[in-house]
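Participant:
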Amino acid sequence: MIDKHSAETGPYPHLAFVVARPLVSSFFLLLQQGVMLRSRVGCSVEAFLRQELKASPGTIEKIQSIVLDGKPVDDIGTAVLHNGSALALSAAMPGLVGATLRRGGAYSSFRSAITYHEPGTACMPGEGWVRIKIFNLLMAELGPDLLRKGVLLRSADLLGFLAGRAREFQQGCSVTLNSRSIDVGMLDGNAGLGKADQVFLSVSSGPAAA
Amino acid sequence: MDKILRIDVGAEGGPKATAVPVGEYAGLGGRALTSAIVLKEVPPLCHPLGGENKLVIAPGLLSGTAGAQTGRISVGCKSPLTGGIKESNSGGQPSQVLAKLGYGAIVLEGRPKGDDLYKIFINKDGVKITKDNSLKMLPNYDVVEKMKKEYGDKICCISIGPAGEMKMGAATIAFTDMELRPTRHAGRGGVGAVMGSKNIKVIVLDATGMPVRAPKDPDKFQDANKRFVDGLKKHPVTGQGLPAYGTNILTNILNEVGGYPTYNFRQGRFDGAAKISGETQADTETKRGANPTHGCHRGCVIQCSGTYNDKDGHYLTKQPEYETVWAHGGNCGISDLDKIAMMDFLDDNYGIDTIEMGATIAVAMEAGLAPFGDADAAIKMIHEVGKGTDRGRILGNGAGMTGKAFGVERVPVVKNQAMPAYDPRAVQGIGVTYATSPMGADHTAGYAVTANVLKVGGDVNALKPEGQVELSRNLQIATAAIDSTGMCLFIAFAVLDQPDTFQALLDMLNSFYGLNLTGDSVTELGKKILKMERDFNTRAGFTPQHDRLPSYFKTEKFAPHNVTFAVKDEELDKVFNW
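Just so you know, the protein sequences line up as chains A and B, in that order.
Take the first sequence: its letters are residues 1 to 210, numbered as in the numbering used here.
Take the second sequence: its letters are residues 1 to 578, numbered as in the numbering used here.
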């Protein structure tokens, strides 16, 4: 569990990428592994999607499978996010089981043993951490804004992702660590993160990367 | 498709081919035809590898037409793996080509007189059967290369690898794709062993000079096909998700809900899932210059397949399917996508079912033959199957045989066929289908359109406890019918959600054959097929006790949800009450 803190990046090193627009999608794979987001909690999943992820009604419609704390959600208006909740979002899935996992779908009874039910414990609105995973087609829908806003993730996950990608980022990329420029070549090593377990990552596209 | 090609492999002087009218089987295609022939002509108590068994290869009703997604082909026989009736189907080119050549089915029958191996060549001029012992024990890719040299590159092939020749219970029949690679397989139930028992190594098809099959009402057919294609393209699964990521798009979500069988069905989450997900796979393929969006046959608009290159950018195998990645990946604790792709290639080349093989390796790992996660040991096991070592002979006969040989209780099979990639404790409704399908544990047995479109059995209240049984029944009925059309089962997503797309499918059938089918007709066809299959199995000795999951699924709690399979036996026994 990540300690609560109030600052945007907290005590964690902040690695900021400014990249050419096509390179933003390279970071999407990190979203399937799960990243932490500082956000409102004590609100419904639907409110979180609208207000924290800035998801449009059209995007929410595309989010066909929602998994909260490992359980498929049927009603996004009543399922509530708590501090430390894990939320996974997916577009429509193939196969019978894919259809079974859709929210409110005709086959939801097939997985009734694991369906999410709100525990009923009070959750006061406030700030907290939500672990979010974004899969498949939703990466491109929700990923750019989320990455621009910044997410917290395990340093090991980020370094594993960056390993061998320095060449990919040589062109059209600038990187700062805690607001100081670093050489892109450092990304193949420790990226200057030292022994930090977690790192705050932000990725945006812009002219600096041209 | 008004004739059936019967090949008597036991005829004097070598196999003899005779084309006969379809006769009493008129109007049937795909699974409906294979199951009808097996029911009528194969003694249920025969030995699956004996002369009384028959291997039936049948394109679907719409195969060989200009209709989209019509390239599925069905293979039927008495299964050497389950001991019951089997229909195993595949994509690839042969369905379209066989239908264009005018054959509703090929039936291999009889008992070979010797050990000689044969190849069969079929084109517009007829059938030529030739002894070719140079093909003995060749893997599928080598067989196809030889056939290309001999017959040119306008052909397609139906072949078996060494596993089929060794008559293993996990042996497949390979069907070549658009690039003439043996990548599509009728995988389940050991159908390759039955082809091997007939001493037929490869059937080569060439439809050069044969036209596309003509509909009775071309204008209506064209219109229906257009509406059908539009429906597939506008649906988020068939129009976007599958083309972008293939079926392996399922890994992340199944893992997230704790329904991803890991370490031989011990738990529902795998730490390495993100490393082998469809998203990672598509990214890897793209970076290496492979193609993550590709069809397995001409006329496919969904394009859920692809190619997978090695680290040097050379073709390694087709894009492994979700079930393959799961079977060799999470189920064996392996998170190396390259090694999983290698296993996919080896399975295709030796002619082994990827689901059965992956499940078998996991059972072998449970037995202590190798630690979970040891990818090199898993690859070695597949080589042992392909080479036919003593251990390989056990492994090649599936998870059930391997569990018996090495004293493992936790063997995830129904009717001796390994379960696919969805744990029936987390998704209990699919457990109902695993348990009761005449085919053995099969994720595609209850897959297609259901009550909401067809009103099969009336409206189902899915919230009632018995709703899972009713839904499973309806899904199995609808799937059996779809399996008879030659349509790719993936159309189910669009048809399921979009009644107008289902109507377009009906209109395609009606305009092609001059029929007036309705949803009820489709339902009746599905019921008829299931009734035939259940009838065969009953006479083969199957009882309600065979319609059960292994008992440990009822007692062993499945993490992270700590659930057991809770559908009662008496409910399972109601599945086929209609």
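C-beta atoms are modelled at their ideal positions from N, C-alpha and C, and glycine is treated no differently.
Measure the alpha-carbon distance for residue 516 of chain B versus residue 496 of chain B and round it to whole angstroms.
Facilitator: Answer to the nearest angstrom: the Cα atoms are 21 Å apart.
Participant: DSSP state of residue 121 of chain B, grouped into three classes?
Facilitator: strand
Participant: Look at the Cβ atom of residue 113 of chain A, then the Cβ atom of residue 428 of chain B, and state whether they are nearer than 7 Å.
Facilitator: yes
Participant: Report the CB separation of residue 15 of chain A from residue 147 of chain A in whole angstroms; it is logged as a contact under 8 Å.
Facilitator: With 8 Å as the limit, residue 15 of chain A and residue 147 of chain A do not qualify as a contact, their Cβ atoms being about 12 Å apart.
Participant: Which residue's Cα is closest to the Cα of residue 123 of chain A: A:189, A:36, A:79?
Facilitator: A:79
Participant: Residue ranges of each beta strand (DSSP E) run of no fewer than 3 residues wholly in the region 299-339 of chain B, ordered along the chain?
Facilitator: Note on the region 299-339 of chain B: whole beta strand (DSSP E) runs with a minimum of 3 residues are 307-309, 315-318, in chain order.
Participant: Quick one: using the 10 Å Cβ neighbour count with 16 as the cut-off for buried, is residue 54 of chain B buried or exposed?
Facilitator: Counting other Cβ atoms within 10 Å of its Cβ, residue 54 of chain B reaches 16 or more and is therefore classed as buried.
Participant: Would you list, in chain order, the members of the region 118-145 of chain B that have their beta-carbon closer than 9 Å to a beta-carbon of chain A?
Facilitator: Contact residues of the region 118-145 of chain B toward chain A are absent (C-beta to C-beta distance below 9 Å).
Participant: Less than 6 Å between C-beta atoms, sequence neighbours within five positions excluded: which residues of the same chain meet that for residue 105 of chain B?
Facilitator: 4, 33, 56, 58
Participant: Counting contacts by CB-CB distance shorter than 7 Å, is residue 36 of chain A in contact with chain B?
Facilitator: no
Participant: Please identify, using Cβ separations under 8 Å, the residues of the region 243-257 of chain B that lie next to chain A, in order along the chain.
Facilitator: 244, 245, 247, 249, 250, 252, 253, 254, 256, 257
Participant: Relative to the C-alpha of residue 201 of chain A, which residue among A:163, A:183, A:157, A:100 is closest?
Facilitator: A:157
Participant: Would you mind telling me which residues of chain B sit closer than 8 Å to residue 100 of chain A, beta carbon to beta carbon, in chain order?
Facilitator: 427, 429, 430
Participant: Three-state secondary structure (DSSP) at residue 103 of chain B?
Facilitator: strand
Participant: From which residue to which residue does the beta strand (DSSP E) around residue 185 of chain B run?
Facilitator: 184-186
Participant: Compare the Cα-Cα distances from residue 199 of chain B to each of B:224, B:262, B:115 and report the closest residue.
Facilitator: B:115
Participant: Excluding sequence positions up to five away, which residues of its chain have a Cβ less than 6 Å from the Cβ of residue 204 of chain B?
Facilitator: 121, 147, 151, 155, 157
Participant: What are the partner residues of residue 211 of chain A, as DSSP defines its beta bridges?
Facilitator: This structure cannot speak to residue 211 of chain A, because chain A is shown only from 1 to 210.
Participant: Straight-line CA distance for residue 215 of chain B to residue 98 of chain B?
Facilitator: 17 Å
Participant: So, does the CB of residue 135 of chain A fall closer than 7 Å to a CB anywhere in chain B?
Facilitator: yes
Participant: Quick one: residues in its chain with C-beta nearer than 8 Å to the C-beta of residue 285 of chain B, no 5 flanking neighbours on either side, listed in chain order?
Facilitator: 291, 292, 306, 307, 308, 309, 319
Participant: For residue 235 of chain B, which residues from the same chain have a beta carbon less than 7 Å from its beta carbon, with the 5 sequence-adjacent residues on both sides left out?
Facilitator: 493, 494, 497, 498
Participant: How would you list, in chain order, the residues of chain B whose beta-carbon sits under 7 Å from the beta-carbon of residue 72 of chain A?
Facilitator: 257
Participant: Do residue 65 of chain A and residue 136 of chain A count as a contact pair if the criterion is CB distance below 7 Å?
Facilitator: no
Participant: Within the continuous beta strand (DSSP E) that includes residue 36 of chain A, where are the two ends?
Facilitator: 35-41
Participant: Which residue's Cα is closest to the Cα of residue 100 of chain B: B:209, B:50, B:26?
Facilitator: B:209
Participant: Would you mind stating whether residue 237 of chain B and residue 94 of chain A have Cβ atoms separated by less than 7 Å?
Facilitator: yes
Participant: Quick one, which of B:470, B:484, B:512 has its alpha-carbon nearest residue 576 of chain B's?
Facilitator: Of the listed residues, the one whose Cα sits closest to residue 576 of chain B is B:470.
Participant: Could you give the first and the last residue of the continuous beta strand (DSSP E) run that contains residue 18 of chain B?
Facilitator: 16-21
Participant: For residue 330 of chain B, count neighbouring C-beta atoms within 10 Å of its own C-beta (all shown protein chains included) and say buried if the count is 16 or more, exposed if not.
Facilitator: Under this definition residue 330 of chain B is a buried residue.
Participant: Helix, strand or coil: which one does DSSP assign to residue 28 of chain A?
Facilitator: helix
Participant: Between residue 601 of chain B and chain A, is any beta-carbon pair separated by less than 7 Å?
Facilitator: The structure shown does not extend to residue 601 of chain B, since chain B is modelled only from 1 to 578, so the question has no answer here.
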